[in-house]
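Chemist: Numbering-wise (my numbering), the sequence shown opens with residue 1010 and increments by one. Could you have a look at this structure, given as structure tokens, before my questions?
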Amino acid sequence: NWEHGFFSYTAVGATNVGSIKIYCDQEVMTNVKHHPDTRYTPGVYFDKDFRENPIHVEKGEMFGEFNLGSTVVLIFEAPENFKFNVNNDQKVRMGEPMGTCKTS
């Protein structure tokens, strides 16, 4: 959760090329060849729930990295005054705000 409700950060590593690292959680590994854990086999996923032990991230703080064909999907509840700063298909660079809460 964040101050406005539900928040989901989903790291998606492209098959056989992409990789994602989450700095605060070393268990999250994508595209690890011959990983013994079954949660990384094709067609299987894992999720981690941080509601009992939330991770606090400051604005602008480095959270992780993605490489070669990977992406991040954000799903969140936002207040009514939230507006996106980016358009569909627009590239977003590191540190660039994707949205803001407009004040009237």
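Just so you know, even glycine gets a beta-carbon here, dropped at the ideal spot from N, CA and C.
Drop a sphere of 10 angstroms on the beta-carbon of Ile1029, count the other beta-carbons inside from all chains shown, and report buried for 16 or more, exposed for fewer.
Modeler: By the 10 Å Cβ count, Ile1029 comes out buried.
Chemist: According to the neighbour-count rule (16 or more other Cβ atoms, all chains shown, within 10 Å of its Cβ), is Gly1022 buried or exposed?
Modeler: Flag for Gly1022 reads buried.
Chemist: Going by C-alpha distance, which of Phe1085, Gly1108, Ile1084 and Asp1098 is nearest Phe1091?
Modeler: Measuring from the Cα of Phe1091, the nearest candidate turns out to be Gly1108.
Chemist: In terms of residues, what are the limits of the beta strand (DSSP E) holding Val1021?
Modeler: Taken as a continuous stretch (DSSP letters only), the beta strand (DSSP E) holding Val1021 covers Phe1016 to Val1021.
Chemist: Using 7 angstroms as the threshold, is the C-beta distance between Phe1016 and Phe1075 below it?
Modeler: Not a contact, by the Cβ cut-off of 7 angstroms.
Chemist: For Thr1112, which three-state DSSP category applies?
Modeler: Thr1112 falls in the coil class under three-state DSSP.
Chemist: Determine, using beta carbons only, whether Val1066 and Phe1072 come nearer to each other than 7 angstroms.
Modeler: Yes, these two residues count as a Cβ contact at 7 angstroms.
Chemist: Of all the options Glu1089, Pro1088, Asp1058 and Lys1068, which has the alpha carbon lying nearest to the alpha carbon of Met1103?
Modeler: Closest by alpha carbon: Lys1068.
Chemist: Excluding sequence positions up to five away, which residues of its chain have a Cβ less than 7 angstroms from the Cβ of Val1095?
Modeler: Here the set comprises Val1101 and Met1107.
Chemist: Taking the C-alpha atoms as reference points, what is the distance between Ser1079 and Thr1019?
Modeler: If you take the alpha carbons of Ser1079 and Thr1019, they lie about 11 angstroms apart.
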